[in-house]
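Heads up: the sequence shown begins at 9 in my numbering, then just goes up one per residue. Idealized CB from N, CA, C, for every residue including glycine. The structure displayed is predicted, hence computed values, not measured ones. Here the structure comes first, spelled out in structure tokens, and everything after it is commentary.
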Amino acid sequence: MQGKRAERVAALIKHELGSMLAQEVRDPRIGFVTITQVEVSDDLKYAQVFYSVLGEEEKREETAKGLQQARGFLQRDLAKTLNLRFTPHLSFILDSSLEEGIKIDGIIRKIHEKE
């Protein structure tokens with residue numbers, strides 16, 4: 009459970025990272041990445057960044073490597089934007105819920121077609 013301040017910082021990090029990934033990161037391994045959620049610890053020192061990538065398993069692995077490599081750059085840019093004593097340490101976690109939702113939707117459609 010996050011406190012109100014941690015929730016506000018998480019929302020700001022989500023917005024800023026989305027902008028940075030779309031406009032500033034030039035790594036070709038990081039293609040169309042969507043930041044789905046950010047959870048920040050109550051002491052604001054750690055942030056878990058959940059992201060989704062559509063595509064094959066190989067594409068997801070390459071994106072994970074690219075995000076890990078860009079982590080320092082992203083933290084440095086976040087430090088300029090966030091007015092905090094410490095910049096949260098970013099951990100990137102693949103969020104597969106979007107792809108699972110697409111699979112479930114496909115299964116439901118097949119069931120409706122058979123009826």
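Which complete alpha helix (DSSP H) runs does the region 29-91 hold, if anything under 4 residues is left out?
Runs found: 65-89.
Using the C-alpha atoms, what's the distance from Q56 back to S99?
5 Å
Can you tell me which of the three DSSP states S104 falls into?
coil
Restricting to Cα atoms, I'd like to know which of R34, E108, E47 and P36 is closest to H23.
Checked all of R34, E108, E47 and P36; the closest Cα to H23 is E47.
Going by DSSP, which residues form a beta bridge with L98?
A55
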